[in-house]
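Numbering (the UniProt record's numbering), first residue to last: 1 to 366.
Glycine is no exception: its CB is placed at the ideal position from the N, C-alpha and C atoms.
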């Protein structure tokens with residue numbers, strides 16, 4: 001299952017597709033109200049429920065992950081509400097910008113130091129002093145390779161607050177265990193084009209019943225295209241709210257089938273092993289990991305560069321000389337780090353090849 005003979009694409013998405021998915025998505029267009037599509041929808045729905053260990057119906061929208069993040073803000077918050085965002089990087093900051101646009105000064109940001117996840121005690125101190133309607137956070141911060149201690153954060157929130165808990169799992173869904181019902185989140189956000197090994201074009205929302213009920217109350221402030229209550233009602237009949245990306249549906253149907261055959265626990269184990277392999281090779285080759293010990297993602301390795309390297313130049317060398325694509329940093333980290341994704345359809349040899357190439361590039365600067 002985990003092998004690719006395509007270009008060694010180590011960006012954080014879109015990620016490579018398995019060969020069987022490439023074949024499966026080559027279908028003629030069909031009506032998204034047809035019985036054939038309903039069968040695909042049902043297979044996707046069932047697969048996601050198994051993967052995410054939930055009885056909730058996945059809400060499937062034609063959108064990017066960014067739009068899905070904003071939909072959570074609009075389905076839960078009114079202008080006079082108060083909300084907290086927990087950020088450890090670029091995408092956590094983006095979440096805060098969305099909340100701030102809605103709430104202005106009632107949007108509060110807790111930003112962790114570079115390379116670290118959220119400090120639980122600091123979070124508890126804030127929760128003891130302030131009341132929030134909703135709390136937003138990114139699980140795996142793909143801009144820095146940092147992962148937040150999700151279960152500990154949720155436990156801390158529930159001990160001191162009844163706020164809605166919204167989690168961006170865009171770069172972790174499909175790669176690590178995210179049992180929605182037992183963790184007790186209110187909204188979980190994912191996409192098809194990363195760990196789920198499918199074409200872009202679909203966002204995935206899981207919403208608790210109380211989040212669905214609140215979205216009904218917030219309907220005057222929310223979005224027509226991202227109405228959670230209507231989407232849930234239609235999902236019960238294996239229908240989407242708007243025209244779906246058929247290729248994303250077909251790709252996801254096939255990918256979930258592959259993951260089920262492999263065993264979801266084995267998929268998570270594979271990602272843990274390949275992340276450890278990446279981190280070990282980074283250290284053996286003298287590279288510094290950007291994420292601190294205890295906060296390292298199983299889907300992205302971020303390498304901190306010294307002043308001999310510029311990320312854009314290094315990425316270009318890898319592409320031109322080795323047919324390897326990697327990500328550079330975001331925002332103020334643009335030239336400071338490179339990001340190596342190991343999510344979805346990837347094997348250890350592909351990661352080894354990245355570090356072999358990096359070592360050759362490094363020798364040019366010594």
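* When the Cβ atoms of the stretch 349-362 are set against those of the stretch 195-210, are three or more pairs found closer than 8 Å? -> no
* If you draw a straight line from the C-alpha of residue 118 to the C-alpha of residue 292, how long is it? -> Position 118 of the chain shown, counting from 1, holds the residue named residue 118. Position 292 of the chain shown, counting from 1, holds the residue named residue 292. If you take the alpha carbons of residue 118 and residue 292, they lie about 12 Å apart.
* beta strand (DSSP E) segments (min. 3 residues) lying fully within the stretch 280-328 -> 300-304 and 324-328
* To do: Using 10 angstroms around the beta-carbon of residue 122, count the other beta-carbons present and answer buried if the total reaches 16, otherwise exposed.
  => For the purposes of this step, residue 122 is taken as residue 122 along the chain shown, with counting starting at 1. By the 10 Å Cβ count, residue 122 comes out exposed.
* To do: Might you give, ordered along the chain, the residues of its own chain that have their beta carbon closer than 8 Å to the beta carbon of residue 366, omitting 5 neighbours on each side?
  => Numbered from 1 along the chain shown, position 366 holds the residue referred to as residue 366. Because residue 366 sits at a pLDDT of 48, beneath the cut-off of 50, its placement in the model cannot be relied upon, and the point is left open.
* To do: For residue 273, I'd like the list of residues in its chain whose CB is within less than 7 Å of its CB, leaving aside the five on either flank, ordered along the chain.
  => For the purposes of this step, residue 273 is taken as residue 273 along the chain shown, with counting starting at 1. Closer than 7 Å at Cβ, skipping near neighbours: no residue.
* To do: Look at the alpha carbon of residue 295 and the alpha carbon of residue 175, and state the distance between them as a whole number of angstroms.
  => Here residue 295 corresponds to residue number 295 of the chain shown, with the count starting at 1. Here residue 175 corresponds to residue number 175 of the chain shown, with the count starting at 1. The straight-line gap from Cα to Cα measures roughly 16 Å.
* At what residues does the beta strand (DSSP E) containing residue 56 begin and finish? -> Position 56 of the chain shown holds residue 56. DSSP places residue 56 in no beta strand (DSSP E); its state is neither H nor E.
* **Residue span of the beta strand (DSSP E) that contains residue 8, given as start and end** => As a working mapping, residue 8 is identified with position 8 in the chain shown. Counting along the chain, the beta strand (DSSP E) containing residue 8 begins and ends at 8-10.
* To do: With DSSP as the reference, please indicate the residues paired to residue 205 in a beta bridge.
  => What you label residue 205 is simply residue 205 of the chain shown in a count that begins at 1. According to DSSP, which records beta bridges pairwise, residue 205 is partnered with 59 and 189.
* What are the complete alpha helix (DSSP H) segments, minimum 4 residues, inside the stretch 120-187? -> Along the length of the stretch 120-187, whole alpha helix (DSSP H) runs at least 4 residues long occupy 120-129, 150-160 and 180-183, reported in chain order.
* **Nonlocal neighbours in the same chain, by C-beta distance under 6 Å from residue 142, ignoring five residues either side** => Here residue 142 refers to the residue found at position 142 when the chain shown is read from its first residue. 12, 171 and 300, listed in sequence order.
* Asked: Contact between the stretch 273-283 and the stretch 248-262: three or more CB pairs below 8 Å?
  -> Proximity of the stretch 273-283 to the stretch 248-262 falls short of the contact definition, fewer than three beta-carbon pairs being nearer than 8 Å.
* For residue 191, the nearest candidate out of 15, 10 and 7 (CA to CA) -> Sequence index remark: in the chain shown, residue 191 carries index 191 (1-based). Answer by Cα proximity: 15.
* Asked: Just checking, does the stretch 99-112 make contact with the stretch 68-87 on the three C-beta pairs under 8 Å criterion?
  -> yes
* To do: Could you tell me the distance, in whole angstroms, from the CA atom of residue 3 to the CA atom of residue 260?
  => Here residue 3 refers to the residue found at position 3 of the chain shown. Here residue 260 refers to the residue found at position 260 of the chain shown. With a pLDDT of 44 at residue 3, under the threshold of 50, the modelled position of that residue is not reliable, and no figure is offered here.
* Unbroken stretches of the beta strand (DSSP E), 3 residues or longer, contained in the stretch 57-118 -> 59-61, 83-87 and 107-111
* Name the one or two DSSP bridge partners that residue 210 has. => Residue numbering aside, residue 210 sits at position 210 when the chain shown is read from its first letter. BP columns for residue 210 are empty, so no partner.
* Asked: Excluding five sequence neighbours on each side, which residues of the same chain lie with their C-beta closer than 7 Å to the C-beta of residue 234?
  -> Position 234 of the chain shown, counted from the first residue, corresponds to residue 234. Excluding sequence neighbours, residue 234 sits near 240 and 241.
* To do: Could you tell me which uninterrupted alpha helix (DSSP H) segments, each at least 4 residues in length, are contained entirely in the stretch 201-272, listed from first to last along the chain?
  => 209-217, 228-235 and 246-262
* **Straight-line Cα distance separating residue 220 from residue 18** => Stepping through the chain shown from its first residue, residue 18 is reached at position 18. Stepping through the chain shown from its first residue, residue 220 is reached at position 220. Residue 18 and residue 220: Cα-Cα distance of roughly 42 Å.
* **Rounded separation between residue 347 and residue 214 - CA only** => On the chain shown, residue 347 is found 347 positions in, with the first residue counted as 1. On the chain shown, residue 214 is found 214 positions in, with the first residue counted as 1. C-alpha separation (whole angstroms): 42 Å.
* Asked: If you draw a straight line from the alpha carbon of residue 21 to that of residue 126, how long is it in whole angstroms?
  -> Stepping through the chain shown from its first residue, residue 21 is reached at position 21. Stepping through the chain shown from its first residue, residue 126 is reached at position 126. When rounded, the distance between both Cα atoms is 46 Å.
* **One or two residues paired with residue 339 in a DSSP bridge** => Translated into positions along the chain shown, residue 339 becomes position 339. Answer is 302 and 327, bridged to residue 339.
* Asked: Given 8 Å as the limit, is there contact between the stretch 199-206 and the stretch 55-73, that is, 3 or more CB pairs closer than that?
  -> yes
* Asked: Nearest CA to the CA of residue 64: which residue from 85, 193, 332 and 162?
  -> Locating residue 64 in the chain shown gives position 64, where the first residue counts as 1. Nearest of 85, 193, 332 and 162 to residue 64, Cα basis: 193.
* Work out the CA separation of residue 35 and residue 146 for me, nearest whole Å. => The residue given as residue 146 occupies position 146 in the chain shown. The residue given as residue 35 occupies position 35 in the chain shown. A direct Cα-Cα distance of roughly 42 Å separates residue 146 from residue 35.
* To do: Please check the pair residue 196 and residue 167, which I expect to be a contact at CB under 8 Å, by giving their CB distance rounded to whole angstroms.
  => Within the chain shown, the letter at position 196 stands for residue 196. Within the chain shown, the letter at position 167 stands for residue 167. Between residue 167 and residue 196 the Cβ distance is about 16 Å, and since that is not below 8 Å, they are no contact.
* For residue 274, which three-state DSSP category applies? -> Taking the chain shown and counting its residues from 1, the one referred to as residue 274 is at position 274. Residue 274: helix per DSSP, three-state reduction.
* Beta carbon of residue 133, beta carbon of residue 164: below 8 Å? -> Within the chain shown, residue 133 is the residue found at index 133, counting from 1. Within the chain shown, residue 164 is the residue found at index 164, counting from 1. Going by C-beta atoms, residue 133 is nearer than 8 Å to residue 164.
* Asked: Taking Cβ positions, are residue 75 and residue 180 nearer each other than 8 Å?
  -> Here residue 75 corresponds to residue number 75 of the chain shown, with the count starting at 1. Here residue 180 corresponds to residue number 180 of the chain shown, with the count starting at 1. In this structure, residue 180 does not lie closer than 8 Å to residue 75 by Cβ.
* Asked: By Cβ distance, which residues of its chain are closer than 6 Å to residue 350, with the 5 residues on each side in sequence left out?
  -> In the chain shown, the residue the question calls residue 350 occupies position 350. Excluding positions up to five away in sequence, the list reads 8.
* Asked: What do you get for residue 360, buried or exposed, if any count of 16 or more other CB atoms within 10 angstroms of its CB means buried?
  -> As a position in the chain shown, residue 360 is number 360, starting the count at 1. Answer is exposed; the Cβ neighbour count stays below 16.
* Asked: Is the beta carbon of residue 95 sitting closer than 8 Å to the one on residue 138?
  -> Counted from its first residue, the chain shown places residue 95 at position 95. Counted from its first residue, the chain shown places residue 138 at position 138. Against a cut-off of 8 Å, the Cβ pair of residue 138 and residue 95 comes out as a contact.
* To do: Grab me the residues of residue 100's own chain with a C-beta within less than 7 Å of its C-beta, minus the 5 sequence neighbours each way, in chain order.
  => Translated into positions along the chain shown, residue 100 becomes position 100. In chain order, 107 place their CB closer than 7 Å to the CB of residue 100, counting only its own chain and leaving out the 5 sequence neighbours on each side.
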